[in-house]
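To start, the structure itself, in structure tokens.
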Amino acid sequence: MQSSSELFPVALIGADIRGDLSEDVYRLKPGNSPDASVELALTRLGRFGREGERGVPVVLLPGSFSNRRFWYSPKGLGLGPYLARAGFDVWIAEMRGHGLSPRNRGYRGNRVGDYVRYDLPAIAAFIHEQNPQAAHWLGHSLGGITLAGALGGGYLEQARVASVALFGSQVSRIYWPLKLPPVEWGARLLLGRFSVLSGARLRRGPEDEPIGLALESLRWHGLFGRFGDAERDWWAGLGEVRVPVLAVAAAGDRQDPAWACHKLLEQFGGASREFLCLGSSRGFSSDFGHVEMLVSKAAQDEVWPLVEHWLRQGSLLAAGVQAQALEPRAGISSEPSSG
Numbered sequence: 001m002q003s004s005s006e007l008f009p010v011a012l013i014g015a016d017i018r019g020d021l022s023e024d025v026y027r028l029k030p031g032n033s034p035d036a037s038v039e040l041a042l043t044r045l046g047r048f049g050r051e052g053e054r055g056v057p058v059v060l061l062p063g064s065f066s067n068r069r070f071w072y073s074p075k076g077l078g079l080g081p082y083l084a085r086a087g088f089d090v091w092i093a094e095m096r097g098h099g100l101s102p103r104n105r106g107y108r109g110n111r112v113g114d115y116v117r118y119d120l121p122a123i124a125a126f127i128h129e130q131n132p133q134a135a136h137w138l139g140h141s142l143g144g145i146t147l148a149g150a151l152g153g154g155y156l157e158q159a160r161v162a163s164v165a166l167f168g169s170q171v172s173r174i175y176w177p178l179k180l181p182p183v184e185w186g187a188r189l190l191l192g193r194f195s196v197l198s199g200a201r202l203r204r205g206p207e208d209e210p211i212g213l214a215l216e217s218l219r220w221h222g223l224f225g226r227f228g229d230a231e232r233d234w235w236a237g238l239g240e241v242r243v244p245v246l247a248v249a250a251a252g253d254r255q256d257p258a259w260a261c262h263k264l265l266e267q268f269g270g271a272s273r274e275f276l277c278l279g280s281s282r283g284f285s286s287d288f289g290h291v292e293m294l295v296s297k298a299a300q301d302e303v304w305p306l307v308e309h310w311l312r313q314g315s316l317l318a319a320g321v322q323a324q325a326l327e328p329r330a331g332i333s334s335e336p337s338s339g
């Protein structure tokens with residue numbers, strides 16, 4: 001089969017019409033990581049009959065225990081279809097071993113570091129090849145963390161990033177027991193007995209997560225942990241990121257609290273940084289939760305239009321909501337993410 005890319009082998013594995021939308025599913029085999037078996041699924045949503053009209057690209061990254069259906073339901077609902085119908089060129093990425101991306105040989109040991117260093121750069125390169133405009137990137141939860149890591153590590157070219165929006169994403173919540181080395185060692189021994197964390201069994205979502213992600217998180221939150229890998233300090237590197245950034249938190253989110261989401265935003269070094277907390281005290285209909293902030297009827301009515309406004313204007317301050325602009329940072333903090 002002829003490749004859909006000159007960068008690396010890419011197969012078009014699906015081309016369907018979903019009502020007023022067109023859906024193209026690509027499978028990328030970038031061959032840029034130590035595990036040559038890695039393949040990545042990438043779904044593009046467009047308007048049926050107007051596929052040749054490429055709007056500004058928007059890339060959506062789902063969180064942990066999730067897949068493309070977080071953004072795009074089988075019935076054609078979700079933020080992905082909403083933005084496609086608004087004229088954006090929408091791409092939904094699924095990391096190795098998730099959704100339509102098959103499990104790679106080294107699936108058990110997959111880490112955010114692999115997504116950051118290998119997967120996102122390959123996805124970004126292919127999207128830019130198909131649509132050479134600077135892309136907006138949106139990530140929910142772990143998707144936002146992955147995006148922050150790729151920017152802080154310098155793996156995504158800032159010149160090709162129009163803006164970044166992080167929803168319920170943070171790395172600063174402290175788990176004090178993990179600061180005790182015996183507790184961390186014990187947790188590693190316990191988790192090391194498993195290959196995956198079951199999303200269904202834990203009631204966290206439809207996907208499993210490789211145990212490598214859990215072990216990586218233990219390292220981040222350990223006594224001398226930092227948000228990064230052995231080569232680069234992603235946390236410190238965020239101070240060099242100059243793209244516009246929006247951080248959205250949910251007042252009812254107990255998993256990723258607003259203060260921690262705000263702290264991640266503060267670490268970015270650009271002048272254009274805005275923070276929005278979805279809660280009744282700020283004019284919203286309720287205190288949104290971790291998932292409900294993007295997947296709910298209230299989100300459709302109250303949040304999705306704000307996302308579109310951000311993508312078109314690069315700011316929410318004129319949208320009549322209580323968004324908070326942060327002052328530009330002076331210098332780079334060396335503070336570890338778990339501090």
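Residue numbers (full-length UniProt numbering): 1 to 339.
All C-beta atoms, glycine included, are put in the ideal place defined by N, C-alpha and C.
- Look at His136 here: in three-state DSSP terms it is strand.
- The beta-bridge partner set that DSSP reports for Ala15 consists of Asp24.
- When the alpha-carbon of Val321 is set against those of Arg203, Glu292, Gly283, the nearest one is in Gly283.
- Along the segment 270-302, the alpha helix (DSSP H) occurs as fully enclosed runs of 4 or more residues at 297-302, listed in sequence order.
- Gly52 sits exposed, since fewer than 16 C-beta atoms from the chains shown fall within 10 Å of its C-beta.
- DSSP assignment within the segment 28-56 yields the following whole beta strand (DSSP E) runs of 3 residues or more, N-terminal first: 40-47.
- In the structure shown, the three-state DSSP call for Phe167 is strand.
- Cβ neighbours of Asp16 within its own chain (closer than 7 Å, five residues either side excluded): Glu23.
- In the DSSP assignment, Val196 forms a beta bridge with Pro210.
- In the structure shown, Ala122 falls within a helical segment according to DSSP collapsed to helix, strand and coil.
- According to DSSP, residue pairing for Glu94 in a beta bridge involves Ala41.
- For Asp89, DSSP records a beta bridge to Pro57.
- Judged by DSSP in its simplified three-state form, Ala325 adopts strand.
- Tyr26 is positioned such that its CB atom lies closer than 8 Å to that of Leu12.
- With fewer than 16 neighbouring CB atoms inside 10 Å of its own CB, Glu231 falls in the exposed class.
- Spatial neighbours of Glu216 in its own chain (CB-CB distance under 7 Å, excluding positions within 5 residues in sequence) are listed in chain order as Arg111, Val112, Gly113.
- For Val116, the CB contacts under 8 Å within the same chain, skipping 5 residues up- and downstream, are Thr146, Gly149, Ala150, Gly153, Tyr155, Asp229, Trp234 in chain order.
- Judged by DSSP in its simplified three-state form, Val243 adopts coil rather than helix or strand.
- Here the segment 81-94 lies against the segment 52-63, with 3 or more beta-carbon pairs under 8 Å apart.
- In the structure shown, Asp114 falls within a helical segment according to DSSP collapsed to helix, strand and coil.
- Taking the CA atoms as reference points, Gly80 sits about 30 Å from Arg105.
- Here Ala162 carries a strand assignment [DSSP, helix/strand/coil].
- Here Ser169 is near Leu264, since their CB atoms are less than 8 Å apart.
- For Arg312, the enclosing alpha helix (DSSP H) stretches over residues 304-313.
- Rounded to the nearest whole angstrom, the C-alpha separation of Gln267 and Gly19 is 42 Å.
- By alpha-carbon distance to Gln300, the top candidate from Arg103, Tyr82, His136 is Tyr82.
- Straight-line spacing of the CA atoms in Arg54 and Glu274 works out to 28 Å.
- Counting other Cβ atoms within 10 Å of its Cβ, Gly192 stays below 16 and is therefore classed as exposed.
- Nearest to Gln324 by C-alpha distance, out of Val307, Ser272, Arg50, is Ser272.
- If you draw a straight line from the Cα of Ser33 to the Cα of Val245, it is about 28 Å long.
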